[in-house]
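Visitor: Below you'll find the structure I mean.
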Amino acid sequence: MHDILGEEQEYFQKIHDAVKEVVNFYHFKKIITPILEETELFVKGTGAFTDIVEKEMFSLRTKGGDNLSLRPEGTPGVVRAYIEHGMRNLPQPVKFWYFGPCFRYERPQAGRYRQFHHAGLEVIGEKSSVVDVQIIQIFYGIIQKLKFKNLLIEINSLGDLNCRPNYRRLLVRYLKSRENLLCPDCKRRLKANPLRILDCKEAKCQEVVSGAPQMVDHLCNECKSHFKEVLEFLDEVGIPYYLNPYLVRGLDYYTRTVFEIVEEGENKSQGTLIAGGRYDNLVKLLGGKDTPACGGAMGVERVINAMKNRGVALSQSANPEVYLAQLGVLAKRKSLKLLEDFRIAKIPVSESFSKDSLSVQLGIASRMGVKYALVFGQKEALEDSIIIRDMKTGKQNTVKITEVAKELKKGLRK
Ligand code: ATP
Ligand code: MG
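Residue numbers (this note's numbering): 812 to 1225.
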């Protein structure tokens, strides 16, 4: 877990702003769900046999005896909220975005934190393949806005309850015959979660998998035409993709489309940046009516790291053009009110209330390169006036305190 400070904070903000701008255009509504949810929500939703639920959750028991977990991902909470608030009575689909922390008890390594942030999208209540592509397109737009190039979409279809069980049988039959060649993890997965074997990173498992039957060849007609449409729409919007028949994703709830967005080429970043897919069974599984849905999430820290590595410039925040120097107790007291007036008038002003010497304060003003310094001493405070000093020419001008904001605005516009 880490603090987000300094430069990292600026990247964080930049990403947040990029996400917000793009999703607002597409009329996504922001949702904030609790960070703690009942553990059962993730066991049912994310899936009991996923790495996340088996090994990565931070769970606790409350004094009242409830079992809760820090959310490892956002989707189950959003779906819970959709059901709990009867949102199927709203015009469908409901489109949400969120930006918040997730927690996973992972082995610390590059690009992997125990507290990290997801910027996520969920579209609930629409089965059309257009939605799958729109979600990819929006993430693609966000990441392009952040100056990422050489992006690749990896995509696959996992079928649905109609065709996947049959494929799963074929796959298990194939893998059983080669069980002794699999890693210990995959031997275990063979019973609980055989599809996960397809994306095992172990070389010996990959070798076995390279000869395995592929889901895309065993899709039912509906899933096949859904997937075909997704690929056609991607062609239409000109987003480059790679059909990866071994992409299965780590979560149980996906049906049909799954995707990941990665960076290619010499700037290849640490791991997947964005991942998601369709989850047509999740709403029902969590106690709602049968409702199709699709979504995805961006790993904010991964995006920050990639931007840092590439040296993506941060925009300079507006430097104050005015410095307020004050002398004496009365001036200090009146300065507090004055600063509020400047804030409301949208004039960025800097000050150092902890400094008492005028020369020290003017020195700071000069180093900051401000256009004007305001000198507010005992005499001025008594007379409700203030001196505006032009830092370039050294010319000074005393004005009434009620006029200073107006005078500054005039000068700053020049
Ligand atoms: P991975 O295969 O890298 O473990 P995942 O399948 O667990 O990823 P998702 O649950 O789909 O990841 O989360 C979506 C995105 O969140 C990932 O693509 C990644 O960018 C980011 N992410 C996941 N886990 C972490 C983590 N521990 N620290 C930082 N970012 C993470
Ligand atoms: Mg993971």
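No residue lacks a Cβ here, since even glycine has one placed at the ideal position from N, Cα and C.
Keep in mind that this is a model prediction, so the values were computed, not measured.
(1) Measuring straight from C-alpha to C-alpha, what distance separates K841 and G911?
(2) For A1184, which of helix, strand or coil comes out of DSSP?
(3) In angstroms, rounded to a whole number, what distance separates the CA positions of E1162 and V1140?
(4) My assumption, with CB atoms under 8 Å, is that L969 sits in contact with V1069. Please give the rounded CB distance.
(5) Below 8 Å between beta carbons: does that hold for Y909 and V1094?
(6) Would you call the stretch 977-996 in contact with the stretch 1132-1149, where contact means no fewer than 3 C-beta pairs closer than 8 Å?
(7) So does D1063 have its beta carbon nearer than 7 Å to some heavy atom of the ligand MG?
(8) To which residues does DSSP link M1109 through a beta bridge?
(9) Can you list, in chain order, the residues of its chain with a C-beta nearer than 7 Å to that of K956? Leave out the 5 residues immediately preceding and following it.
(10) Do the stretch 1036-1043 and the stretch 1008-1023 make contact, defined as three or more Cβ pairs closer than 8 Å?
(11) Pick helix, strand or coil for E1151, following the three-state DSSP scheme.
(12) Would you report the Cα separation of V941 and R1067, rounded to the nearest angstrom?
(13) Counting only runs of 4+ residues fully inside the stretch 1013-1099, write out the alpha helix (DSSP H) ranges in chain order.
(14) Return the chain-ordered list of same chain residues with a C-beta closer than 8 Å to the C-beta of F1237, the five sequence neighbours on each side being excluded.
(15) Return the first residue and the last residue of the beta strand (DSSP E) that I1197 is part of.
(16) Examine the ligand MG and report whether any of its heavy atoms sits within less than 7 Å of the Cβ of D1091.
(17) To which residues does DSSP link Q920 through a beta bridge?
(18) Less than 8 Å between C-beta atoms, sequence neighbours within five positions excluded: which residues of the same chain meet that for E1075?
(19) Specify whether the stretch 1175-1185 and the stretch 1200-1214 touch according to this definition: at least 3 beta carbon pairs, one from each stretch, less than 8 Å apart.
(20) Please report how far the alpha carbon of Y1064 lies from the alpha carbon of E884, in whole angstroms.
(21) Using the three-state DSSP reduction, which class does Q1172 fall into: helix, strand or coil?
(22) My output table needs one value for V1123: the three-state DSSP class, helix, strand or coil.
Guide: With the given structure in hand:
(1) 11 Å
(2) Strand, per DSSP.
(3) E1162 and V1140: Cα-Cα distance of roughly 15 Å.
(4) That pair is a contact at about 6 Å.
(5) no
(6) no
(7) no
(8) A930 and I1085
(9) Cβ-Cβ distances below 7 Å link K956 to A829 and V833 in the same chain, with the five nearest sequence neighbours on each side left out; the list follows chain order.
(10) no
(11) helix
(12) 13 Å
(13) Within the stretch 1013-1099, the complete alpha helix (DSSP H) segments of 4 residues or longer fall at 1014-1020, 1032-1048 and 1093-1096, listed in chain order.
(14) Since the displayed the chain opens at 812 and closes at 1225, residue 1237 lies outside it and no answer follows.
(15) In the DSSP annotation of this structure, the continuous segment of the beta strand (DSSP E) that includes I1197 starts and ends at S1196 to D1201.
(16) no
(17) R923
(18) N961, L962 and L963
(19) In the pairwise beta carbon analysis, the stretch 1175-1185 is classified as touching the stretch 1200-1214: at least three pairs are separated by under 8 Å.
(20) 13 Å
(21) helix
(22) coil
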